[in-house]
Amino acid sequence: MRDMTEESGQRATAEAIERGGGGLGVNDLLARVMQAATTADSGAAPAPPRDVEGVATAIAAAAGRYLPAGHLPPDADFFDAGGTSVHVVELVAELEGELGIEFDLDEVFADARPISLARRWLEATGAEASSQAAPPTVPAGTPAPTAQGTPPAPAAGTLPVSGAGAVAVAAPGTLPPSGTGAAGASASGTPVLSGAGDVPAPAPETSASGALPVSAAGALGTIAPRTPPALRPRVGSGDDRSARARREDLEQILADLSLADRLPFADVPEPLPPRRILLTGATGFLGSHMLLDLLRHSDAHVHCLVRAADEEAAVARLGAALKSYRLPWSSEVRRRVTVLPGDIRRPRLGLSDELWHTLAHELDGVVGVAAAVDFLRGYQSLRASNVLGALTLAELAATGRPKPLHHISSIAVFNEVGITSMGEDDPLAHVDRLVSGYDQSKWAAEVALRRARDHGLVVTALRPGGIGGHTRTGAYNPQDLSSGLISAFGRFRTVPAFRHLNAAPVDWVSRVAVAAICEPDAWGYDYNLTGVPNTLDDVVRDMALGGMHVRIQEWDEWRTDALARLKADPVTELAFLTRVLQSPTALKLCEATLKGPAATGARTAALVEALGLPPAARYDAQAQLTTFERLAQDGLARLPHKDDQPYLWFPETTEGSVGPVDAPADSPCSMALTLSIASMYQLVKERRVDVTGEVVCTAVHPEPLTVERGDVWVRPEEGIPQQHGLGHQLLRYRLRLRDADGGHWWLEGHKYARARRDLWRQTRALTVRIGREGEPASLAGEVVVPADSYVRDQIDGIEVDPRLTSQEKRAAKLTWLAWFGLEMGRGLLGPFARAAADLLDLRRTPTLTEHHR
Amino acid sequence: MIFRTTASRTSRPALPRVRTTAALRPLHHRLDPACVEEIPFRADDGVRLGLTRVHTGAADRPAVLLLHGHTASADMFLLPETRNLVDVLLDDGYEPWLLDWRGSCRLPYNETGQRYTYDDVALYDIPAAVRHVRERTGDRPLFVVAHCIGSLTLSLSMAAGLVPGLAGVVSQGVFLTPKLAGRTSLRMSLAGELLKTRIDHIPVDFRKVGLWSKHTPLFALASRKASCPDPTCQILHNSAWGTGASLFVHENLAEATHGRLADLLGPAPLWILPHLRRIELARSVVRWHDTDHRYRALPPNALDAAGRIDTPVLLLAGSENGLWLDSQRLCHDVLAHRQPQLDVSYAEIPGYGHLDTFLGRGAALDVFGHILDFLGGRR
């Protein structure tokens, strides 16, 4: 059994073996890698090698430098080994510059194994012949151009999906199990494929057995997709490349689907709320929220599978993840959580046999949330996590004590351009029209698990759409497309014309998913956790309410525009959005998402109602507010700022007099200010108005003083009197002044509400104190807004951002007046209410003769 | 007439009390009875209160005094059906002490009208309890975790300097700056005035008043637009004793707790309203007795005297607090501005209301971690 504490480098290698290098021992492979590394180090080969193996080795050596492990086996996926999309960009540049190997970035995302990159490049450059020189090392996953029976190639436009299905699916079934011994032996020679005896591993084709690329799900069996070369990808069919799935991906999908047939038959689970649950993906955005909801809403103990070298690291990783999503991570949480270091991409989740069997017999629920969510990577790169991982969980659920499997699928299974409906029981998308690897992998996982249902397994498929930030904590998923889009909408003040946004806040999605997990009558069905979709109108109106008036553009126009702006003014936090907007496959995904119909969730709604959960509500401006604030804090979104064109402004003039503190105020003082707000958000949240203008006060300086920075707070601190009494604060002014000689002064002013009848004057009179910066007040006095200028300036004189339409301007003006008027009303009422209460207190409290006395 | 009842049927006259005094209802808990020590305890003005020590035998544990809210009782920290604060404190190495101050529903004062104001609590109850705990625990650190009015009166005691040298205070719901929704405030003032000549307390247990009584209209009003059919839940969750506020987020309570609400929260006396109203309209904790010199130890306005607070304070609040709204955030802002030297921090618990921060079935997960972190950093 594998020791879990092995260093990660070895693990990466092992994963590589399990993914492809079936015939190679660890030592062989290590030797190969070392060799590759040395060649790369010793010779900065200017002339690129001309055979697949050579190119792959060179690419692997270059790629290895970007990885935490320091090296990459030629048939391991760059992303699985820890590479990021930023690294890919750098890698491609490096390959081009140093080795002369040019790649389309998209190609690398689609399949980032050096070996297949090498093959593609050689195919593209016409060096195909040399690849035949090294057939044993060519994995069959992406079919090598080795000669097998060659039926005539079908017409390019009609993709023989059915044929591919028949062939690929038939392959494992028809293969005689006699070969199992040999394959099993060769497989068990590498320590990763533990316990291959459980389910007889189907014999791979002998010709391909030298280098089996697929079959990460060890115990489920190793199946090579046998593909007639007719289905080979056609180089240069570039036009419809982004409209249809790549053929090798389809073949791989079909091969992966057939893995479900290897599952054992499962018995009926006990219909009780779970007491012991295995949860994968607890470090993710949805998973971590679901972990807490599982703990809150059930009495279950939760085992969390976390990818890490050992338990300590796994616990630390889980804790850090929960904290980063503003979830509690206290001893009370740790009490009810067991962290298991492991990996869904590995056979038996990378757990020891003993642990696997213990879990299989003790658990009464398996919840699979873990998935690689990346809209750029291809199916080959995502399948180990998203498809094989799901199948391994199905195997765990079907083994030992019968237990349900709850699988977090995605609305992406419908993500086909032009699909007409997305109900819970509606047909899924046509897989050959799913272009992005993510959509394909989620589709494949759900379809494979549908097959698992035929084995008696109870599988619940929970399909969230976009998962928005938490309505209360504002925790969001920084890598999520919708976070990026929302940020871009607010930043550029434009939105693409979409039909529906099928997004729901994470708290609701998690709560409903957990409710389905804890309610036995809800098990075994499909649920759309998409909430109430936002229409374009809703979004535009919400943003306008927040003072962000957006303009609508066609999708293509918006994309070009947004890309241009992102390039002109790069935002590091939005770099991934730039990449998504440039990738043809990811664009297809965006297009399908934006043009798709509203997802419906009748069964989810029924569940929510039956369990008395909060009904789905539109993810509206109020619900998004905290998330938006957090996005702004983290630099993704941008809130309107003081230096921007103000949203609304008006002049205010005051006249009065000041004098030394504790002396009569006899020196004239007047202020000519402009009060402005950058957005209604600033007003409602900070209750603050920006001030500019100048102050004429001869007692301070003979020349007028400029306001360098000024703020007015409306009803600061809820108007709580500064000292015991009835003087409630209405407004607080704080100005920083600069005189003509460069000296700095501060001015602090207050308007007070008092229980007196001069209300009109209370709203206009400002008690001021002025002092030199850093010193106590030297002057005090009172300035008053002249009664005749008040209405003229502050109501008629309101100006609104000229970019708005006249209707929007009127709305802005009215909103300001209504808000400010209400605040003033509440402020003025305060002291009177207290005076009235004092009067009521004079009433005698009768002594009642109630019972029990 | 099926609704006609006679007074004798709804309640029997009580015997005049000539020998017995106020007695405490027994605590409801699942601890080992040997660990729970009930201390015969009187406030400084002689009023019988309840003080309970939960001990493990270890003599080096920091003590934590728990103060309940008005009309609740020490039971709110001992819920047997969920993981409660006392469990969590015991497991983390503390010695919990539970005070039943005179507003407790284990004591009869709310109902039988031995009147008091919050001044009495701040002046007589809390300082006496702190003194008693100090006598027993010596120089071990003493923390206080206080809820709602327990916390509000504690702030008055602290501002008066009556409980110096605490190691830390966790305040839930409201501290120095109480703020109610305008609607709640209006109902409290007006309805209180209208009702006070007819009844002297608002019951919460429908079973004790019956279908037809002078309290019926109150329950009927509380049931307006209520989602839960339980009248006790309605008058607490939907109406907060007729004020129209909400005391907890309904789905945060365990079923068993929901069924026990009438035991956990008792009737609210109407004669406390004038003091509460004065406090609320001033948006700061103010003294009621301005002319009674027995109370001169208390400051006229606790917020003005907040400089006397010598203890780190953690202000806790549920983000959905339907009674005190964002009073705690306000308090944090006001203190940061007016008394920047104080060590005051603020933690908001997303998705929680007022009472469910202690009664909720997930309180151990979501709330107590904040308390343990705060205490742990200062023990």
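Residue numbers (our numbering), protein chains in the order written: chain A, -13 to 839; chain B, 208 to 586.
The C-beta atom is built at its ideal place from N, Cα and C for all residues, glycine as well.
task: Taking C-beta pairs closer than 8 Å, name the residues in chain B that A/Gln610 reaches, listed in chain order.
output: Neighbours of A/Gln610 on chain B: none; closest Cβ ~15 Å, over 8 Å.
task: Verify the CB distance criterion: does A/Thr831 have a CB-CB separation below 9 Å to chain B?
output: Judged by the 9 Å Cβ criterion, A/Thr831 is in contact with chain B.
query: Where do the ends of the alpha helix (DSSP H) carrying A/Glu856 lie?
result: In the structure as shown, chain A starts at -13 and stops at 839, and residue 856 of chain A therefore has no counterpart that could be examined.
query: Tell me which same chain residues have a C-beta within less than 7 Å of the C-beta of A/Phe636, skipping the five on either side of it?
result: Hits under 7 Å: Leu661, Asp779, Gln780, Gly783, Ile784, Glu785.
field: Any C-beta of chain B under 9 Å from that of A/Glu672
entry: So, not an interface residue.
query: Which first and last residues belong to the alpha helix (DSSP H) in which A/Val78 is found?
result: From DSSP, the alpha helix (DSSP H) with A/Val78 extends over 71 to 80.
- request: Measure the alpha-carbon distance for B/Phe581 versus A/Leu281 and round it to whole angstroms.
  value: Cα-Cα distance, rounded: 23 Å.
query: What does A/Ile298 pair with, by DSSP beta-bridge criteria?
result: Going by the sequence as given, residue 298 of chain A is Glu instead of Ile. Looking at the DSSP assignment, A/Glu298 forms no beta bridge with any residue, so it has no partner.
- prompt: Under a three-way DSSP split, which group does B/His500 fall into?
  reply: Helix.
query: So is B/Trp478 in contact with chain A if we call contact Cβ pairs under 9 Å?
result: True, the Cβ-Cβ gap to chain A drops below 9 Å.
message: Our contact map puts A/Leu625 next to A/Tyr667 with C-beta atoms below 8 Å; I'd like the distance itself, whole angstroms only.
response: About 6 Å; that satisfies the 8 Å criterion.
- request: Under 9 Å between beta-carbons, which chain A residues line up against B/Glu400? List them in chain order, please.
  value: Under the 9 Å cutoff, chain A gives Leu826, Arg829.
query: Run through DSSP, which three-state label would A/Lys737 get?
result: The three-state secondary structure of A/Lys737, taken from DSSP, is strand.
- prompt: Along the chain, where does the alpha helix (DSSP H) that runs through B/Leu538 open and close?
  reply: Just to set this straight, residue 538 of chain B is Cys in the shown sequence, not Leu. Where B/Cys538 is concerned, the enclosing alpha helix (DSSP H) starts and stops at 534 to 545.
- prompt: Just the Cα atoms here: how many angstroms apart are A/Ala664 and A/Tyr605?
  reply: Whole-angstrom Cα-Cα distance: 25 Å.
query: Cα separation between A/Trp544 and A/Val525?
result: A straight line joining the alpha-carbon of A/Trp544 with that of A/Val525 spans about 16 Å.
task: Would you verify that the beta carbon of A/Glu703 is, or is not, closer than 9 Å to some beta carbon of chain B?
output: Yes, A/Glu703 lies at the interface with chain B (some Cβ there is under 9 Å from its Cβ).
message: Quick check: what's the CA-CA separation for B/Thr464 versus A/Ser284?
response: Taking C-alpha positions only, B/Thr464 is separated from A/Ser284 by approximately 15 Å.
task: On a CA-only basis, which of A/Ala554, A/Ser427, A/Thr640 is nearest A/Phe478? Give me that one, please.
output: The candidate whose alpha carbon is nearest that of A/Phe478 is A/Ala554.
message: According to DSSP, is B/Asp332 part of a helix, a strand, or is it coil?
response: Residue state for B/Asp332 is assigned as helix, using DSSP reduced to three classes.
- prompt: How would you call B/Gly567, buried or exposed, if buried means at least 16 neighbouring beta carbons within 10 angstroms?
  reply: Buried, since its Cβ has 16 or more Cβ neighbours within 10 Å.
query: Would you say the stretch 724 to 742 of chain A touches the stretch 807 to 822 of chain A, given that touching needs at least three Cβ pairs under 8 Å?
result: The stretch 724 to 742 of chain A vs the stretch 807 to 822 of chain A: in contact.
task: Tell me, please, whether the CB atom of B/Gly569 is closer than 9 Å to any CB atom in chain A?
output: Yes - at least one Cβ of chain A is within 9 Å of the one on B/Gly569.
- prompt: Between A/Arg320 and B/Gly569, what straight-line distance do the alpha-carbon atoms span, to the nearest angstrom?
  reply: In this model, A/Arg320 and B/Gly569 are separated by some 14 Å (Cα to Cα).
field: A/Ala766 (DSSP reduced to helix, strand or coil)
entry: Per DSSP, reduced to three states, the secondary structure at A/Ala766 is strand.
- request: Using three-state DSSP, classify A/Cys655 as helix, strand or coil.
  value: The three-state reading of DSSP puts A/Cys655 in strand, counting E and B together.
- prompt: Per DSSP, what kind of secondary structure is A/Cys290 in: helix, strand or coil?
  reply: DSSP places A/Cys290 in strand when its eight states are reduced to three.
- prompt: Any beta-carbon of chain B closer than 9 Å to the one on A/Arg458?
  reply: Answer yes: the Cβ-Cβ gap between A/Arg458 and chain B drops below 9 Å somewhere.
query: What is the residue span of the beta strand (DSSP E) that A/Trp635 lies within?
result: It spans 634 to 646 - the beta strand (DSSP E) in which A/Trp635 sits, taken as one unbroken run.
message: Can you confirm whether A/Pro506, when its beta carbon is compared against all beta carbons of chain B, has any partner nearer than 9 Å?
response: Answer no: the Cβ-Cβ gap between A/Pro506 and chain B never drops below 9 Å.
query: How should A/Gln619 be labelled, buried or exposed, when 16 other C-beta atoms within 10 angstroms of its C-beta is the threshold for buried?
result: A residue is called buried when at least 16 other Cβ atoms come within 10 angstroms of its Cβ; A/Gln619 does not meet this threshold and is exposed.
- prompt: Which of the three DSSP states, helix, strand or coil, is assigned to A/Ile87?
  reply: DSSP places A/Ile87 in coil when its eight states are reduced to three.
- prompt: Rounded to whole angstroms, how far is the Cβ of A/Thr640 from the Cβ of A/Val771, which I believe are closer than 8 Å?
  reply: That pair is a contact at about 5 Å.
query: Relative to chain A, which residues along the stretch 508 to 522 of chain B have a C-beta separation below 8 Å, given in chain order?
result: Cβ contacts with chain A: Asn508, Leu510, Asp511.
- request: Output yes if chain B places a C-beta closer than 9 Å to the C-beta of A/Trp315; else output no.
  value: A/Trp315 has a beta carbon lying within less than 9 Å of a beta carbon in chain B.
- prompt: According to the neighbour-count rule (16 or more other Cβ atoms, all chains shown, within 10 Å of its Cβ), is A/Lys671 buried or exposed?
  reply: The residue in question, A/Lys671, is exposed, as its Cβ has fewer than 16 Cβ neighbours within 10 Å.
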